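**Student:** Residue numbers (full-length UniProt numbering): 1 to 397.
We put the beta carbon where it would ideally sit given N, CA and C, even for glycine.
Remember, predicted model here, so these are calculated numbers, not experimental data.
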Amino acid sequence: MAVEVVQFLVRKYVDSLAEEEAAAELPFRAHFYDVKAELEKAAISSTNADELRQCLYELNDLLAECRMLASRTNTRPGCFSPSEAWRSNRVKKRVIAVKRRVLRCVESDSSGNAAALEEEDSAAAGFSRWTSSWLEEGTVHGFDQQLAELESMAFGAECGAGGLAGVGIVGMGGVGKTALAQLVFNSPRARRRFFPRIWVCLSRTACAGADVRKEVLQSMLMALGLEEEVILSMDGGNNLGEMVFAVHEQLKGKRYLVVFDDVWNVDGWYADVVGRRNASPTGDEWGERLAFGLPKERGGVVVVTSRLEQAAETMVGKSSLHRVQPLVDGESCWAIFMDAFSKERRPADLTTVNNMKDEIIDTCGGLPSAAKALGDIFARSLSSPASTSSQELSKNR
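(1) Could you have a look at His322 and say whether DSSP puts it in helix, strand or coil?
(2) Going by DSSP, which residues form a beta bridge with Trp199?
(3) In its own chain, which residues sit with a C-beta less than 6 Å from the C-beta of Val263, not counting the 5 before and 5 after it?
(4) Check the DSSP bridge columns for Gly168 and list the partner residues they point to.
(5) Work out the CA separation of Asp329 and Ala97 for me, nearest whole Å.
(6) In whole angstroms, give me the CA-to-CA distance for Glu313 and Arg323.
(7) With contact counted as at least three CB pairs below 8 Å, one residue from each stretch, are the region 247–265 and the region 279–296 in contact?
(8) For a quick check, are the C-beta atoms of Arg255 and Phe194 less than 7 Å apart?
(9) Out of curiosity, what's the CA-to-CA distance linking Arg197 and Gln54?
(10) Using 8 Å for Cβ pairs, my map puts Ile327 next to Pro281. What's the rounded Cβ distance?
(11) Whole-angstrom Cβ separation of Glu151 and Arg189, contact assumed at under 8 Å?
(12) Should the region 59–69 be regarded as contacting the region 5–19, the criterion being three or more beta carbon pairs within less than 8 Å?
(13) Within 10 Å of its beta-carbon, does Arg100 have 16 or more other beta-carbons around it, so buried, or fewer, so exposed?
(14) For a test of the three-state rule: what should DSSP assign to Ile361, helix, strand or coil?
(15) From the DSSP output, in three-state form, read off Ile44 for me.
(16) For Gly163, count neighbouring C-beta atoms within 10 Å of its own C-beta (all shown protein chains included) and say buried if the count is 16 or more, exposed if not.
(17) Quick one: what's got a C-beta closer than 7 Å to Glu309's C-beta in the same chain, skipping five residues either side?
(18) What separation, rounded to the nearest whole angstrom, lies between the Cα atoms of Met68 and Arg29?
(19) DSSP three-state call for residue 403: helix, strand or coil?
(20) Is it the case that the Cβ atoms of Val301 and Leu257 are separated by a distance below 7 Å?
(21) Within the same chain, show all residues whose beta-carbon is closer than 6 Å to that of Gly366, passing over the 5 residues directly before and after it, in chain order.
(22) Among residues of its own chain, excluding the 5 on either side of Met220, which ones have a beta-carbon nearer than 7 Å to its beta-carbon?
(23) Using a threshold of 7 Å, state whether the C-beta atoms of Ala371 and Cys364 are closer than that.
(24) In whole angstroms, what separates the C-alpha of Leu178 from that of Ser132?
(25) Report the residue from Gly241, Glu227, Ser187, Ser342 whose alpha carbon sits nearest the alpha carbon of Arg213.
(26) Kindly list the residues whose CB is nearer than 6 Å to the CB of Gln218, restricted to its own chain and excluding five residues on each side of it in sequence; keep chain order.
(27) Secondary structure at Phe8, three-state DSSP: helix, strand or coil?
(28) Determine the extent of the alpha helix (DSSP H) in which Ala311 is found, giving its start and end residues.
(29) Examine chain D for any beta-carbon lying closer than 7 Å to the beta-carbon of Phe8, and answer yes or no.
(30) With distances taken Cα to Cα, identify the nearest neighbour of Gly283 among Asp272, Asn239, Arg298, Ala181.
(31) Quick check on this structure: which residue in Glu359, Glu331, Met315 has the alpha carbon closest to the alpha carbon of Gly166?
(32) Cutting at 8 Å between CB atoms, please list the residues of its own chain near Gly174, excluding the five before and the five after it.
(33) Rounded to the nearest angstrom, what separates Val140 and Phe337 at their Cα positions?
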């Protein structure tokens, strides 16, 4: 099934690029078409399917973001506002990073791409998978109990004066860690209690030779509303301490919520971010730990999600971990599947889908991401001439 999912995503990516032919100039077009060429001749197998699937999810998201960049209000070539320049640079880094992963995954380095990949490595030190705090309403099912437990851990432990509460959400890929973090981040309790609320994506930040600590701090400073020019002025030389100090000054005296989503490899710089120690660093010492940028006098919450339990434990401590398990309620997976299936709003063979319900639920294995991917696949492959209304779709959920 994993190979079929990747094949579907490749077709979706190729079709999306074809739609761009008559559209406005697509930013970073050459990189997208390089990837397309490699994917069309790649041998997809169980060995590379998982990695390619993650790359293709990101590529399709990046295409959508590049469409937005292409349709910006200011259409004069090469003319960007500071915020547009910042965003364009970040998107380019992500495009190059995913391209590099795809080429390595399909073993194309040996065909002359190795030098080009090495040349692009420094420009691609950014994030190669992207998440945000935005959560599409009505698409999350089966997490009520786990959300209640997480809110109890986060908001119950948060004492309001002195110290941060930490929560580590851990579990296998596709089990719903990011969705749970989004639910916590956007919950009414979080909105009422915390300001600011900051979302930082650390996905795949373990790029070879890359120091992404500046990327993390830049994301935080952007979310805190610091002027782009100021942030970019720190992006040079050994300014890590200056950036950590800037984050500290922006958060000082505030009760805040920070989510570090999809953490992979971490070192001592990320350790014990919720520690109660009242450290008073000076000079270059500010850059030694992320924790120095997180003041604790007013309290707050730090949420970490990771597939790697040790990474989350390093940041928030073993006693603060919440282990997410696959959904045991098959109906929740079915609801997620039907959300994705009906989203295409195409005529579909509902009888065939309903007859396969048990098989679909078994194939999902309790993973929300698998249910969504299957829904997308079935929506594209089981089209029929007969019209199907949204009311008919909702009855079958």
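**Tutor:** In brief:
(1) Here residue 322 corresponds to residue number 322 of the sequence shown, with the count starting at 1. DSSP places His322 in strand when its eight states are reduced to three.
(2) Numbered from 1 along the sequence shown, position 199 holds the residue referred to as residue 199. Answer is Val259, bridged to Trp199.
(3) Here residue 263 refers to the residue found at position 263 of the sequence shown. Answer for Val263: Leu202, Val304, Ser306, Ala311, listed in chain order.
(4) Within the sequence shown, residue 168 is the residue found at index 168, counting from 1. In DSSP, Gly168 forms a bridge with Val304, Leu321.
(5) In the sequence shown, residue 97 corresponds to position 97, counting from 1. In the sequence shown, residue 329 corresponds to position 329, counting from 1. Their backbone Cα atoms lie some 37 Å apart in a straight line.
(6) By one-based count along the sequence shown, residue 313 stands at place 313. By one-based count along the sequence shown, residue 323 stands at place 323. So the alpha carbons of these two residues sit roughly 12 Å apart.
(7) yes
(8) Taking the first residue of the sequence shown as 1, we reach residue 255 at position 255. Taking the first residue of the sequence shown as 1, we reach residue 194 at position 194. Yes, Cβ-Cβ distance for Arg255 and Phe194 is below 7 Å.
(9) The residue given as residue 197 occupies position 197 in the sequence shown. The residue given as residue 54 occupies position 54 in the sequence shown. Using only the alpha carbons, I get a separation of about 27 Å.
(10) Translated into the one-based positions of the sequence shown, residue 327 becomes position 327. Translated into the one-based positions of the sequence shown, residue 281 becomes position 281. The question names Ile, but residue 327 is Leu in the sequence shown. About 44 Å; that fails the 8 Å criterion.
(11) Position 151 of the sequence shown, counted from the start, is the residue given in the question as residue 151. Position 189 of the sequence shown, counted from the start, is the residue given in the question as residue 189. Going by Cβ atoms, the distance from Glu151 to Arg189 rounds to 6 Å, so yes, they are a contact pair.
(12) yes
(13) Walking along the sequence shown from the start, residue 100 turns up at place 100. Counting Cβ neighbours within 10 Å, Arg100 comes out buried, since at least 16 surround it.
(14) Taking the first residue of the sequence shown as position 1, residue 361 is located at position 361. Ile361: helix per DSSP, three-state reduction.
(15) Counting from one through the sequence shown, the residue named residue 44 turns up at place 44. Looking at Ile44 - three-state DSSP - the assignment turns out to be coil, as it is neither helix nor strand.
(16) Counting from 1 along the sequence shown, the entry for residue 163 is found at position 163. Buried, since its Cβ has 16 or more Cβ neighbours within 10 Å.
(17) Residue 309 sits at position 309 when you count from the first residue of the sequence shown. Val170, Leu321, listed in sequence order.
(18) Translated into positions along the sequence shown, residue 68 becomes position 68. Translated into positions along the sequence shown, residue 29 becomes position 29. Looking at the two C-alpha atoms, the distance is approximately 14 Å.
(19) Nothing about residue 403 can be read from this structure; the chain reaches only from 1 to 397.
(20) Stepping through the sequence shown from its first residue, residue 301 is reached at position 301. Stepping through the sequence shown from its first residue, residue 257 is reached at position 257. A contact, by the Cβ cut-off of 7 Å.
(21) Here residue 366 refers to the residue found at position 366 of the sequence shown. Counting only Cβ-Cβ distances below 6 Å, and skipping sequence neighbours, we find Pro326, Leu327.
(22) Taking the sequence shown and counting its residues from 1, the one referred to as residue 220 is at position 220. The answer, listed in chain order, is Ile198, Val200, Val247.
(23) By 1-based counting over the sequence shown, the position of residue 371 is 371. By 1-based counting over the sequence shown, the position of residue 364 is 364. Cβ distance < 7 Å, so Ala371 and Cys364 count as in contact.
(24) Numbered from 1 along the sequence shown, position 178 holds the residue referred to as residue 178. Numbered from 1 along the sequence shown, position 132 holds the residue referred to as residue 132. The residue asked about is misnamed: residue 178 is Thr in this sequence, not Leu. When rounded, the distance between both Cα atoms is 9 Å.
(25) Here residue 213 refers to the residue found at position 213 of the sequence shown. It is Gly241 whose Cα lies nearest to the Cα of Arg213.
(26) The residue given as residue 218 occupies position 218 in the sequence shown. Correct list, in chain order: Ile231.
(27) Within the sequence shown, numbered from 1, the residue matching residue 8 stands at position 8. Here Phe8 sits in helix by DSSP.
(28) For the purposes of this step, residue 311 is taken as residue 311 along the sequence shown, with counting starting at 1. Looking at the DSSP string, the run of the alpha helix (DSSP H) that includes Ala311 is 309–316.
(29) Annotation note: the requested chain D is absent from the structure, which comprises a single protein chain.
(30) To locate residue 283, count along the sequence shown from 1; it is residue 283. Ranking the options by Cα distance to Gly283, first place goes to Asn239.
(31) Reading the sequence shown from its first residue, position 166 is the one you call residue 166. With distances taken between Cα atoms, Gly166 lies closest to Met315.
(32) Numbered from 1 along the sequence shown, position 174 holds the residue referred to as residue 174. Answer for Gly174: Leu367, Pro368, Ser369, Ala370, listed in chain order.
(33) Here the question's residue 140 lines up with position 140 in the sequence shown. Here the question's residue 337 lines up with position 337 in the sequence shown. Whole-angstrom Cα-Cα distance: 11 Å.
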